[in-house]
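Below is one structure; the comments refer to it alone.
Number of protein chains: 4
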Amino acid sequence: MMQTPAHTTGSTFSEIAAKLAATAKSLHASGWLSGTSGNLSAVVQTKPLLLAMSPSGVDKGELTAEQVLLVDEGARVINGGAKPSDEALLHLEIVKQRQAGAVLHTHSIWNTILSDMFADEHGVAIEGYEMLKGLEGVRTHEHREWLPIIGNSQDMRELAATIRAVLVEHLNAHGLLLNKHGLYSWGKDLREAKRHIEILEFLLEARGRTLQLRSRGN
Amino acid sequence: MMQTPAHTTGSTFSEIAAKLAATAKSLHASGWLSGTSGNLSAVVQTKPLLLAMSPSGVDKGELTAEQVLLVDEGARVINGGAKPSDEALLHLEIVKQRQAGAVLHTHSIWNTILSDMFADEHGVAIEGYEMLKGLEGVRTHEHREWLPIIGNSQDMRELAATIRAVLVEHLNAHGLLLNKHGLYSWGKDLREAKRHIEILEFLLEARGRTLQLRSRGN
Amino acid sequence: MMQTPAHTTGSTFSEIAAKLAATAKSLHASGWLSGTSGNLSAVVQTKPLLLAMSPSGVDKGELTAEQVLLVDEGARVINGGAKPSDEALLHLEIVKQRQAGAVLHTHSIWNTILSDMFADEHGVAIEGYEMLKGLEGVRTHEHREWLPIIGNSQDMRELAATIRAVLVEHLNAHGLLLNKHGLYSWGKDLREAKRHIEILEFLLEARGRTLQLRSRGN
Amino acid sequence: MMQTPAHTTGSTFSEIAAKLAATAKSLHASGWLSGTSGNLSAVVQTKPLLLAMSPSGVDKGELTAEQVLLVDEGARVINGGAKPSDEALLHLEIVKQRQAGAVLHTHSIWNTILSDMFADEHGVAIEGYEMLKGLEGVRTHEHREWLPIIGNSQDMRELAATIRAVLVEHLNAHGLLLNKHGLYSWGKDLREAKRHIEILEFLLEARGRTLQLRSRGN
């Protein structure tokens, strides 16, 4: 099946699994995947859709390429016996809505705090930072990025449907937050998705710390 | 004695000591064991109870498997000449009350601060975070974790008795705080105990930083 | 051309490129170049002026000496096919105004926040810290460093002209901030420029955190 | 001279220089010696007094044992041609007053901030933390550590005299702060001095962050 796919990414599953493990190690070192939290995926082929995905419950600082799972568009595991993340359906939804080649989900202190702080506004705006130019398609710092915030749920089908609606409504969003849960971002490949995550994490921290300072009336 | 125990963990003392040293290195790198603070233990066999335990006064970033002590249920050292942690009795109490396979004790900035800030309430509640799902037995973010806070003492027998009472009263607690001292957590093995520590440290930091932000009236 | 220059730094391009890559790795590890942000340059020869410069859009934690570009005083690439940073003109302007041997540009959380907080004052003063003595020419902590803040722009010629005017007006400044963008500093070589960046980043963080604490009325 | 000293530490200069370089690397990794700041010393022999000391202006993350200087009790360099730290006289004063075997001086964000915040009170009290037990001679958390704060100066003889008076007045102090400058601590050897620095840095950060939180009226 995987030797002659009609639509592929040009990389083998092993190559993608190795990159996924390296990305996990890097994000873990930043402190955004602690306590086995977070998950990562990358498209291996598009028709039919196959995703390389991190398994559930593994310390992401120790994830090896051999542990990476291959799942189909129904979130069923094709290879190996491990369980994929509960959130596989969310990854698949994002891949479909954004034609993404990779999806990353991090649990950082600052994305957790801001997803809580701005929950009532259903999103947080990040505006006027040079760093925004690192997001695909953004050409100037005079950009307003709206990161939608979605209520958390353990019903993955319901959550996937909500994510679909939010992505359709906010066509320019480069990421989304789940309330008191974490950040999702994506890109055409793992490299771009990682860049987006790093930029959004940076901006959320800058935004949060600025709020603290502004409290003195500056 | 240790070749044919009636009840063992299936691992040799050397294997457990090596895992304990690796866990110490990882927690030290997170900044939670600085200045020789903190201690770690893991069950080697249960009947009679024998614990692998970090020695007192050692830099945990440099702890080797060879330095790990073997102590009995009276906190007496079976091998080697080094002194176990003063807090060996607390580890033993937790092992007995929770049938734990490993106990970890960290001194982080945020667990120290929150143990002080919420001392008058005798505990701190952590509620509604997805990260809570990483705690054993928790299936949804709609969970309220109560971390009891116990007054600090240098009388280890008294402190062990207090811990016993608190663990009996709060049967679902995954950790406890000593006031202006640190965090204890545990698990069925070192891997699970480390996951619990990482999750509780993350949540205490998120809780503490959220308090700072909330002070501006958001 | 580069074998017999009239005015050189005494180092070959390869040597400078290797030092530039090492400096990038160090600053990236400090978290000041995340998401492919920031850029670095060092003078290879002065007449005519040639700069070693980091390419655009590269993860600075993975920058190799082979990827470092050689650009002329018009910001044209002499070797290789990659694109130099959009901000090459700003590096060149600083090199000319300050006779600098190296220019570094970082995006840190604290330089971003303070460039925003003090934008209306067109600069931030840092005064009375021993750490200031590490800036070239400063002999006592009784020094007042004024870091000018310039409005951000995507018009690099306009921005270069503004930087020129600001550097002429503030002849003793060791760095400058672009609003919600980042910090520029420089030195006679990469070693000195790196020292300046580390000192200014330290002082901006100390200044920012002191503002937070002062808000309680101390 | 150094082969048969009347009073030695039992270690050769090379052994001590290697330990000093390793200690520098560790403290630098904690972010307490950035921008070539800070300095370290250790006693090689006592009669006459000879100190191993870090040279001035060197990146402490790259300090090698070969770069470590040997200085006499007048702060004159015995070996090599490099310049010792301007603060050599302060190290010598502390060695004499405390019979210390090693002296460490760090520039951290939190020691800088608290040395400023509490300057008018001429010291900062740290009380009731378990972490205090890691300071030599302290047996319980029910201890009040007073860290004296001294006004900064570039006159090293004057500063040394002030330090002498402060150490005589506060015989139990394990460290002292220079205003907007940094922390000094010491111990019977490099290992103990490093433990003291780590503990005091931890407690200053916990103290500072607690002040921030208390501002909300808790």
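Residue numbers (this note's numbering), protein chains in the order written: chain A, 1 to 218; chain B, 219 to 436; chain C, 437 to 654; chain D, 655 to 872.
Ideal Cβ placement from N, Cα and C applies to all residues, glycine included.
query, result
"Within 10 Å of its beta-carbon, does Lys-194 (chain A) have 16 or more other beta-carbons around it, so buried, or fewer, so exposed?", "buried"
"Determine the extent of the beta strand (DSSP E) in which Gln-430 (chain B) is found, giving its start and end residues.", "No beta strand (DSSP E) holds Gln-430 (chain B); the alpha helix (DSSP H) holding it covers 408-432."
"What runs of the alpha helix (DSSP H), each 4 residues or longer, lie entirely inside the segment 255-318 of chain B?", "306-316"
"Near Lys-624 (chain C), which residues of its chain fall below 6 Å by C-beta distance, leaving aside the five closest residues on each side in sequence?", "Gly-537"
"Would you say Gln-67 (chain A) lies against chain B (beta-carbon separation less than 8 Å)?", "no"
"Verify the CB distance criterion: does Met-131 (chain A) have a CB-CB separation below 8 Å to chain C?", "yes"
"From this set, B:Ile-312, B:Gly-298 and B:Ala-293, which residue's C-alpha is nearest Asp-304 (chain B)'s C-alpha?", "B:Ala-293"
"Taking beta-carbon pairs under 7 Å, can you tell me which members of the segment 735-761 of chain D lie near chain C?", "His-761"
"Check whether the segment 196-208 of chain A touches the segment 469-478 of chain C, taking contact to mean three or more Cβ pairs, one atom from each stretch, closer than 8 Å.", "yes"
"Name the chain B residues that come within less than 8 Å of Arg-730 (chain D), Cβ to Cβ?", "The premise fails here: Arg-730 (chain D) is roughly 34 Å from chain B at the closest Cβ pair, so nothing lies under 8 Å."
"So which of A:Trp-146, A:Gly-10 and A:Ala-17 has the shortest CA-CA distance to Arg-207 (chain A)?", "A:Trp-146"
"Of the residues D:Phe-667, D:Leu-717 and D:Ala-719, which one's Cα is nearest the Cα of Thr-700 (chain D)?", "D:Phe-667"
"Which residues bound the beta strand (DSSP E) around Trp-186 (chain A)?", "182-187"
"Looking at chain E, which residues of the segment 761-781 of chain D have a Cβ within less than 7 Å of any of its Cβ atoms?", "Given the protein chain composition of this structure (A, B, C and D), no chain E is represented."
"Under 8 Å Cβ-Cβ, which residues of chain D neighbour Gly-570 (chain C)?", "Gly-689, Thr-690 and Ser-691"
"Using the DSSP secondary-structure output, state which residues sit across from Val-124 (chain A) in a beta bridge.", "A:Leu-147"
"Using three-state DSSP, classify Ala-18 (chain A) as helix, strand or coil.", "helix"
"How many angstroms separate the CA atom of Val-778 (chain D) from the CA atom of Val-504 (chain C)?", "49 Å"
"Residues in the segment 613-636 of chain C with C-beta within 8 Å of chain A's C-beta atoms, listed in sequence order?", "Leu-614, Lys-616, His-617 and Gly-618"
"Please go through the same chain and pick out, in chain order, the residues whose beta-carbon is closer than 6 Å to the beta-carbon of Glu-423 (chain B), but skip the five residues on each side of it.", "Trp-328"
"Please list the terminal residues of the continuous alpha helix (DSSP H) segment that includes Thr-9 (chain A).", "That residue, Thr-9 (chain A), is in no alpha helix (DSSP H); it is neither H nor E in DSSP."
"For Arg-139 (chain A), I'd like the list of residues in its chain whose CB is within less than 8 Å of its CB, leaving aside the five on either flank, ordered along the chain.", "Lys-133"
"Against His-795 (chain D), what residues of chain B qualify as contacts under a CB-to-CB distance less than 8 Å, listed in chain order?", "Asn-370, Gln-372, Lys-398 and His-399"
"From this set, D:Ser-665, D:Arg-798 and D:Ala-676, which residue's C-alpha is nearest Lys-714 (chain D)'s C-alpha?", "D:Ala-676"
"What in chain B is Cβ-close to Gly-208 (chain A), meaning under 9 Å?", "Arg-427 and Leu-431"
"Just verifying my parser: in three-state terms, what is the DSSP assignment at His-759 (chain D)?", "strand"
"Measuring only the C-alpha atoms, how far is Thr-491 (chain C) from Ser-447 (chain C)?", "According to the sequence displayed, residue 491 (chain C) carries Pro and not Thr. Answer to the nearest angstrom: the Cα atoms are 20 Å apart."
"Is Glu-15 (chain A) close to chain C, meaning its C-beta is less than 8 Å from at least one C-beta of that chain?", "no"
"Answer with buried or exposed for Gly-493 (chain C), where buried requires no fewer than 16 other C-beta atoms within 10 angstroms of its C-beta.", "exposed"
"Could you check whether the Cβ of Glu-823 (chain D) sits closer than 8 Å to any Cβ belonging to chain B?", "no"
"Starting from Leu-398 (chain C), follow the alpha helix (DSSP H) in both directions and report where the run begins and ends.", "Look at the range of chain C in this structure, 437 to 654, and you will see that residue 398 (chain C) is not part of it."
"Suppose you measure from the CA of Leu-831 (chain D) to the CA of Val-697 (chain D); what does that come to, to the nearest Å?", "22 Å"
"Given a cut-off of 8 Å, decide if Arg-382 (chain B) and Gln-315 (chain B) are closer than it, judged by their beta-carbon atoms.", "yes"
"Listing by chain order, which chain C residues have their CB less than 7 Å from the CB of Glu-205 (chain A)?", "Ile-545"
"Quick check: the Cα distance between His-122 (chain A) and Val-166 (chain A), rounded to an integer number of angstroms?", "10 Å"
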